[in-house]
Amino acid sequence: MFVTPFSIFAVALLVLVVVVIFLGVKIVPQGYEYTIERFGRYTQTLRPGLAIIIPMIDRVGAKLNMMEQVLDVPNQEVITKDNAMVAVDGVVFFQVVDAPRAAYEVRQLKHAILNLTTTNIRTVMGSMDLDELLSQRDRINAQLLTVVDEATTPWGVKVTRIEIKDISPPAELVESMARQMKAERDKRAEILTAEGERQSEILKAEGEKQSAILQAEGRREAAFRDAEAREREAEAEARATNMVSEAIATGNVQAINYFVAQRYVDALKDIAKSNNQKLVLMPLEASSVIGSIAGIAEIAKDTFQGPGGGGTAGGPGGGAAGNTGSAIPRTGM
Numbered sequence: 000m001f002v003t004p005f006s007i008f009a010v011a012l013l014v015l016v017v018v019v020i021f022l023g024v025k026i027v028p029q030g031y032e033y034t035i036e037r038f039g040r041y042t043q044t045l046r047p048g049l050a051i052i053i054p055m056i057d058r059v060g061a062k063l064n065m066m067e068q069v070l071d072v073p074n075q076e077v078i079t080k081d082n083a084m085v086a087v088d089g090v091v092f093f094q095v096v097d098a099p100r101a102a103y104e105v106r107q108l109k110h111a112i113l114n115l116t117t118t119n120i121r122t123v124m125g126s127m128d129l130d131e132l133l134s135q136r137d138r139i140n141a142q143l144l145t146v147v148d149e150a151t152t153p154w155g156v157k158v159t160r161i162e163i164k165d166i167s168p169p170a171e172l173v174e175s176m177a178r179q180m181k182a183e184r185d186k187r188a189e190i191l192t193a194e195g196e197r198q199s200e201i202l203k204a205e206g207e208k209q210s211a212i213l214q215a216e217g218r219r220e221a222a223f224r225d226a227e228a229r230e231r232e233a234e235a236e237a238r239a240t241n242m243v244s245e246a247i248a249t250g251n252v253q254a255i256n257y258f259v260a261q262r263y264v265d266a267l268k269d270i271a272k273s274n275n276q277k278l279v280l281m282p283l284e285a286s287s288v289i290g291s292i293a294g295i296a297e298i299a300k301d302t303f304q305g306p307g308g309g310g311t312a313g314g315p316g317g318g319a320a321g322n323t324g325s326a327i328p329r330t331g332m
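This is the structure we're talking about:
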């Protein structure tokens, strides 16, 4: 088979066209962006999808991941404000938002973000005490995010989150903190116990106070009623004495006998109630007490029968009462 030079040229031209088309067509995957350079100078950014460039003149400068990425911060030692050394590690979440700036404003973007985060962790955490460091992680994360995001903005990067994963104090420091925490809890327990005892004593004193007040009020009420009872008794005694006096003034011998007999019986009652062991010898005639009782009966009869009953009292019964009543002075002798 005879091959002419024209045929060779045509085949070569076809192959060249295929190669040019292959080099000029670019497919950008989802989540990425490509920067295009023409003679070494940035010209455009290719978005996800099919794109065509000029072969031999244009070339892909950088392929950038536009999705959110995670960068681990390795463990490092940090000296706190109160000279305590702790080991700290963390994680950084960032996203490229401007491909040309991320490609041409900084070299080795991930390495730069890592170093920036590491230095700021030491700066922020080194300005805090150990107690603040352990209890205020949200504050540390917020401060780191503000500082690092502001520093990476010129690089076309948005830092979305910075999280401190672990803070590890030395073992002896952990033991000291445990002892301190135990002492603080013991102190609070003693304070609560003392407060409870104090409250108990206060309530007890209040109860005793109320009890004393109620007892005093009870004694006052009892004294008032005792005084009232004595007053009424004195009034009754005065009325009785007045009645006896009036009876004596009118010459009623039975009234005299009643008065003397009442005093006589009261005296005997007091002697019987005495706690002293004693022997009392006294002349006593039964007729005297009987005569006094008879006198009392005559007074009661005169009282219930009224003025018309005076004649009855002067009858035989009255004479007997008079004779019995006369026995009192002889007993006294």
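Quick note on numbering that gives the first Met the number 0: the sequence shown kicks off at 0 and runs consecutively.
For glycine and all other residues, C-beta sits at the position ideal for the given N, C-alpha and C.
All values derive from a computational prediction rather than experimental measurement.
- [ ] Evaluate the contact criterion for the stretch 84-92 versus the stretch 115-132: three or more CB pairs, one atom per stretch, below 8 angstroms.
- [x] Judged by pairs of C-beta atoms under 8 angstroms, the stretch 84-92 touches the stretch 115-132, as three or more such pairs exist.
Task: Residues near N140 by beta carbon distance below 7 angstroms, same chain, minus five either side - done: Take N140, set aside five residues on each side of it, and the residues of its chain with a beta-carbon closer than 7 angstroms to its own are I161, E162 and I163, in chain order.
TODO: Answer yes if the stretch 16-27 comes into contact with the stretch 35-49, meaning at least three C-beta pairs across the two stretches below 8 angstroms, and no otherwise.
DONE: yes
TODO: Could you pull out every residue in the same chain whose Cβ sits closer than 6 angstroms to the Cβ of D57, ignoring the five residues on either side in sequence?
DONE: I35 and R37
- [ ] Tell me whether F93 is buried or exposed, calling it buried when 16 or more other Cβ atoms sit within 10 Å of its Cβ.
- [x] Its Cβ being crowded by 16 or more others within 10 Å, F93 is buried.
TODO: Report yes or no: do three or more beta-carbon pairs, one from the stretch 68-82 and one from the stretch 128-147, lie closer than 8 angstroms?
DONE: Yes: the two stretches touch, three or more of their Cβ pairs being nearer than 8 angstroms.
TODO: Note down the Cα distance separating R138 from S199, rounded to an integer number of angstroms.
DONE: So the alpha carbons of these two residues sit roughly 44 angstroms apart.
TODO: Determine, using beta carbons only, whether V72 and Y33 come nearer to each other than 7 angstroms.
DONE: no
TODO: Would you tell me roughly how many angstroms separate the C-alpha atoms of L133 and R40, rounded to the nearest one?
DONE: 50 angstroms
TODO: Find the nearest neighbour of V146 within the set H110, P169, Q135 and R121, judged by alpha-carbon distance.
DONE: R121
TODO: Compare the C-alpha of A83 against each of P99, P168 and E174 and name the closest.
DONE: Per the C-alpha coordinates, the member of P99, P168 and E174 positioned closest to A83 is P168.
Task: Length of the line joining the Cα atoms of T3 and A50 - done: Near 38 angstroms, if we compare the C-alpha coordinates of A50 and T3.
Open item on the list: Assuming contact is defined by CB atoms lying nearer than 7 angstroms, are L70 and V95 in contact in what I supplied?
Closed with: no
TODO: Grab the span of the beta strand (DSSP E) containing F92 for me, first residue to last.
DONE: M84 to V95
Open item on the list: Quick check on P153: does DSSP put it in helix, strand or coil?
Closed with: P153: helix per DSSP, three-state reduction.
- [ ] Would you mind reading off the limits of the beta strand (DSSP E) that contains G60?
- [x] D57 to N64
Task: Enclosing alpha helix (DSSP H) for P371 [first to last residue] - done: Because the chain spans 0 through 332 in this model, residue 371 falls outside it and cannot be assessed.
Task: Three-state class that DSSP yields for G48 in the structure shown - done: Assignment of G48 by DSSP, reduced to helix, strand and coil, places it in the strand class.
- [ ] Using only alpha-carbon positions, find the residue among G125, V123 and V158 that is nearest to L108.
- [x] V158
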